[in-house]
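Enquirer:
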Amino acid sequence: MAEPTTTGRPFDAEALPHLDALYRVALRLTGDPTQAEDLVQDTMLKAYRAWHQYRPGTNAKGWLLTILRNTFINDYRRRKLEPVATDLEAIEPHAIYRAVEDVDPEGAFFSKIVDEKVLEAIDALPPDFREVLVLSDMEGLRYGEIAEALKVPVGTVKSRLFRARRLLQGSLYQYAMETGIISPREAPHE
Amino acid sequence: MSETLDCQEAIARLQDYLKQELTPELAAEMHAHLEHCRPCLGYARFEKSFLEMLEAQAHHCGCPGELRARVLRELRIEMERG
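Chains as they are written, first to last, in the working numbering: chain Y, 913 to 1102; chain B, 186 to 267.
1. Contact criterion: CB-CB distance below 8 Å. Does Y/Met-913 meet it with respect to chain B?
2. Among Y/Arg-961, Y/Asn-982, Y/Asp-950, which one has its Cα closest to the Cα of B/Val-181?
3. Quick check on DSSP: helix, strand or coil for Y/Arg-1054?
4. Return yes when the Cβ of Y/Tyr-1055 is within less than 8 Å of the Cβ of B/Glu-206, no when it is not.
5. Excluding sequence positions up to five away, which residues of its chain have a Cβ less than 7 Å from the Cβ of Y/Ile-1025?
6. Return no unless some Cβ of chain B is closer than 8 Å to the Cβ of Y/Tyr-1009.
7. Helix, strand or coil for Y/Arg-989? Go by DSSP, reduced to three states.
8. Tell me whether Y/Pro-995 sits in a helix, a strand or coil according to DSSP, three-state version.
9. Quick one: is the Cβ of Y/Pro-1096 within less than 7 Å of any heavy atom of the ligand GDP?
10. What whole-angstrom Cβ distance do Y/Arg-940 and Y/Arg-1075 have, given they're in contact under 8 Å?
11. Applying a beta-carbon distance threshold of less than 9 Å, which residues of chain B neighbour Y/Leu-931?
12. I need the straight-line Cα distance from Y/Tyr-988 to Y/Lys-1070, nearest angstrom please.
13. Curious, which full-length alpha helix (DSSP H) runs of at least 4 residues does the stretch 913-983 of chain Y contain?
14. Is the Cβ of Y/Arg-1104 closer than 8 Å to any Cβ of chain B?
15. Excluding five sequence neighbours on each side, which residues of the same chain lie with their C-beta closer than 7 Å to the C-beta of Y/Ala-927?
16. Which residue comes first and which comes last in the alpha helix (DSSP H) that contains B/Asp-201?
17. Y/Ile-1034 and Y/Val-1044: beta carbons closer than 8 Å?
18. Using a Cβ-Cβ cut-off of less than 7 Å, list which residues of the stretch 945-972 of chain Y approach chain B; keep chain order.
19. Consider the Cβ of Y/Arg-936: report whether some Cβ of chain B lies at a distance smaller than 8 Å.
20. Note the first and the last residue of the continuous alpha helix (DSSP H) segment covering Y/Asp-1049.
21. List the endpoints of the continuous alpha helix (DSSP H) containing Y/Ile-1094.
22. Quick one: what's got a C-beta closer than 8 Å to Y/Glu-1051's C-beta in the same chain, skipping five residues either side?
23. Excluding the 5 residues preceding and the 5 following B/Cys-222 in the sequence, name in chain order all residues of the same chain whose CB lies nearer than 8 Å to its CB.
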């Protein structure tokens, strides 16, 4: 069976362990399980055909996710990314911490929110922000790898990440307040 | 080495520190600052639990078995084509 290899490591051995990550990212990018499955399959076939371009020793996960992301942009995404709102510039890095430091300084509420709600909140982020957050904070790619995948400067990755994390913390805080996961400090008795 | 980092700088660098994206020199400065600044350490713990929650998300969901089988099938066909 003909099988492209790079320095002996077959495609299967390098790529298949990353199917979980590819599917997770595909799900976040498309927001639809059926499309996510098609996107993963297209990505794997493209990656197999392009395997000779993979540089051994680099992060195969990053390489595969770059192909997935490009395939998504070129073949799946219907509408252009909306320009990113600029009124986020003024967000204070620790705004949410300040709001909860008296009742939940360790941020325990984050892990009390059910997965489904966290994913919903991630999906509600603007696409530019969502993609960096998923690649960095869920899939563990380095800033430099994300910059390469997105073809943007590292500074752009960092500023998008900063905003993505602030927005997500804000919406999770909102949810935790509404559902009573965080209860506001009790008013002092007269 | 003198203390060179103030709280504002520490807060600005905190996320890069937690993601291990700082140079060793900057990371050492951050470490030194957090060792004796309780407010910044408190904030660091908060951010850490946020980032850990996101990392954990990744382990809760994976590729469905059917998709895995489909991908393997398609790859075999592609490989046999040569």
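Backbone N, C-alpha and C define an ideal beta-carbon position, used for all residues, glycine too.
Expert: The relevant details are as follows:
1. Counting from 1 along the first sequence, the entry for residue 913 of chain Y is found at position 1. Note on Y/Met-913: pLDDT 43, under 50, position unreliable in the model; the coordinate value appears next. Chain B, which has a Cβ nearer than 8 Å to the Cβ of Y/Met-913, makes this yes.
2. The requested residue 181 of chain B is not part of the displayed model; chain B covers only 186 to 267.
3. Your numbering for residue 1054 of chain Y matches position 142 in the first sequence. In this structure, Y/Arg-1054 counts as coil in the three-state DSSP scheme.
4. On the second sequence, position 21 is the one that residue 206 of chain B refers to. On the first sequence, position 143 is the one that residue 1055 of chain Y refers to. Yes. Within cutoff.
5. For this step, residue 1025 of chain Y is matched to residue 113 along the first sequence. Excluding sequence neighbours, Y/Ile-1025 sits near Leu-1084, Tyr-1087, Ala-1088, Ile-1093.
6. Reading the first sequence from its first residue, position 97 is the one you call residue 1009 of chain Y. Closer than 8 Å to some Cβ of chain B, the Cβ of Y/Tyr-1009 qualifies, so yes.
7. Locating residue 989 of chain Y in the first sequence gives position 77, where the first residue counts as 1. Three-state DSSP puts Y/Arg-989 in coil, outside helix and strand.
8. Locating residue 995 of chain Y in the first sequence gives position 83, counting from the first residue. Only weak support is given to the placement of Y/Pro-995: the predicted model assigns it a pLDDT of 49, under 50, and the value that follows is read from those uncertain coordinates. DSSP places Y/Pro-995 in coil when its eight states are reduced to three.
9. As far as ligands go, the structure on display features none, and thus does not contain the ligand GDP.
10. Your numbering for residue 940 of chain Y matches position 28 in the first sequence. Your numbering for residue 1075 of chain Y matches position 163 in the first sequence. That pair is no contact at about 17 Å.
11. As a first step, residue 931 of chain Y must be located in the first sequence, where it is residue number 19. Chain order gives the chain B residues near Y/Leu-931 as Gly-247, Cys-248, Leu-252, Arg-253, Val-256, where near means a beta carbon separation below 9 Å.
12. On the first sequence, position 76 is the one that residue 988 of chain Y refers to. On the first sequence, position 158 is the one that residue 1070 of chain Y refers to. About 26 Å.
13. List check, alpha helix (DSSP H) in window: 923-927, 931-942, 945-961, 972-983.
14. Within the shown structure, residues of chain Y are numbered from 913 to 1102, placing residue 1104 of chain Y beyond reach of any answer.
15. Looking up residue 927 of chain Y in the first sequence gives position 15. Excluding residues within five positions, the ones whose Cβ falls inside 7 Å are Met-956, Ala-959, Ala-972, Leu-976.
16. What you label residue 201 of chain B is simply residue 16 of the second sequence in a count that begins at 1. Note, B/Asp-201: alpha helix (DSSP H), 192-203.
17. Here residue 1034 of chain Y refers to the residue found at position 122 when the first sequence is read from its first residue. Here residue 1044 of chain Y refers to the residue found at position 132 when the first sequence is read from its first residue. Contact check for Y/Ile-1034 against Y/Val-1044 fails: the beta carbons are separated by 8 Å or more.
18. Glu-949, Val-952, Gln-953, Met-956, Leu-957, Tyr-960
19. In the first sequence, counting from the first residue as 1, residue 936 of chain Y sits at position 24. Closer than 8 Å to some Cβ of chain B, the Cβ of Y/Arg-936 qualifies, so yes.
20. As a first step, residue 1049 of chain Y must be located in the first sequence, where it is residue number 137. That residue, Y/Asp-1049, is in no alpha helix (DSSP H); it is neither H nor E in DSSP.
21. Taking the first sequence and counting its residues from 1, one reaches residue 1094 of chain Y at position 182. The continuous stretches of alpha helix (DSSP H) do not include Y/Ile-1094, and DSSP gives it neither H nor E.
22. The residue you call residue 1051 of chain Y lines up with position 139 of the first sequence. Result list for Y/Glu-1051: Ala-933, Arg-936, Val-937, Lys-973, Leu-977, in chain order.
23. What you label residue 222 of chain B is simply residue 37 of the second sequence in a count that begins at 1. So the qualifying residues of the chain are Cys-192, Ala-195.
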